[in-house]
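Peer 1: Residue numbers (the numbering used here): 166 to 363. C-beta atoms are modelled at their ideal positions from N, C-alpha and C, and glycine is treated no differently. Have a look at the structure that comes next, please.
Rendered as structure tokens:
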């Protein structure tokens, strides 16, 4: 019975892997002139569908490429894979947002990762600035910088990849020390980024 069950499962169409790359590096964010590679490994007959999506629901118009991988095998229900790839201009802004605060005796800390599989290594930082009216100590790419409370762009991370681990630290005010509910619930930093191949 177990053998028959395994045999039935193996007859179904399946997507073992489905990724997008630029120059051999996995990414889901590309520049307007990038050549996008699509790689898959499937069990069954694949069909790739391509569709451009324009999202104007926010403050900025965003462009995406929607890739749908349809895999059929006999009369079995097909397997579906879906990837959205964002298409960015040569230079644009991106918000770095993390929302799980860590408290020490005198500071609030936010840590997170900008996904390498989302960003690849083609988008580099031009400048970063605090949008929250408070200073932050920033750790990224093995470097430490200080952002002022006055929202002035700082180029201390220029040339660094936006992808990877980030850490933000800020001293708590006396009110925030006594009541953590008065502290920020997220960090929100604006980065100006550019495509390095241009």
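Determine the direct distance from the alpha carbon of residue 211 to that of residue 300, and round the result to whole angstroms.
Peer 2: So the two alpha carbons sit approximately 52 Å from each other.
Peer 1: Does residue 285 pass the burial test, meaning 16 or more other C-beta atoms within 10 Å, or should it be called exposed?
Peer 2: That one is buried.
Peer 1: For residue 211, report the span of its alpha helix (DSSP H) as first-last.
Peer 2: Premise fails: residue 211 lies in the beta strand (DSSP E), 210–220, not in any alpha helix (DSSP H).
Peer 1: Does the separation of the CB atoms of residue 203 and residue 213 fall below 8 Å?
Peer 2: Cβ atoms of residue 203 and residue 213: closer than 8 Å.
Peer 1: Would you call residue 270 buried or exposed, if buried means 16 or more other Cβ atoms sit within 10 Å of its Cβ?
Peer 2: Classification of residue 270: exposed, given that the 10 Å Cβ count is below 16.
Peer 1: Taking buried to mean at least 16 other C-beta atoms within 10 Å of its own C-beta, is residue 287 buried or exposed?
Peer 2: Label assigned to residue 287: buried.
Peer 1: Applying the 10 Å Cβ sphere with the 16-neighbour rule, what's the burial state of residue 346?
Peer 2: That one is exposed.
Peer 1: Rounded to whole angstroms, what's the CA-CA distance from residue 227 to residue 208? Just pull it up for me.
Peer 2: Rounded to whole angstroms, residue 227 to residue 208 spans 34 Å at the Cα level.
Peer 1: Between the alpha carbons of residue 237 and residue 183, how many angstroms are there, rounded?
Peer 2: If you take the alpha carbons of residue 237 and residue 183, they lie about 15 Å apart.
Peer 1: Do residue 318 and residue 357 have their C-beta atoms within less than 8 Å of each other?
Peer 2: Yes, the pair counts as a contact, with Cβ atoms nearer than the cut-off.
Peer 1: Based on Cα-Cα distance, which residue from 230, 320, 192 and 342 lies nearest to residue 280?
Peer 2: If we check each option's Cα against that of residue 280, 192 comes out closest.
Peer 1: So what does DSSP say about residue 343, is it helix, strand or coil?
Peer 2: Correct three-state label for residue 343: helix.
Peer 1: As an exercise, report each continuous alpha helix (DSSP H) stretch of at least 4 residues that is fully enclosed by the region 283–352, in chain order.
Peer 2: Counting whole runs of 4 or more residues, the region 283–352 contains the alpha helix (DSSP H) stretches 339–343.
Peer 1: Counting along the chain, where does the beta strand (DSSP E) carrying residue 259 start and finish?
Peer 2: It spans 256–263 - the beta strand (DSSP E) in which residue 259 sits, taken as one unbroken run.
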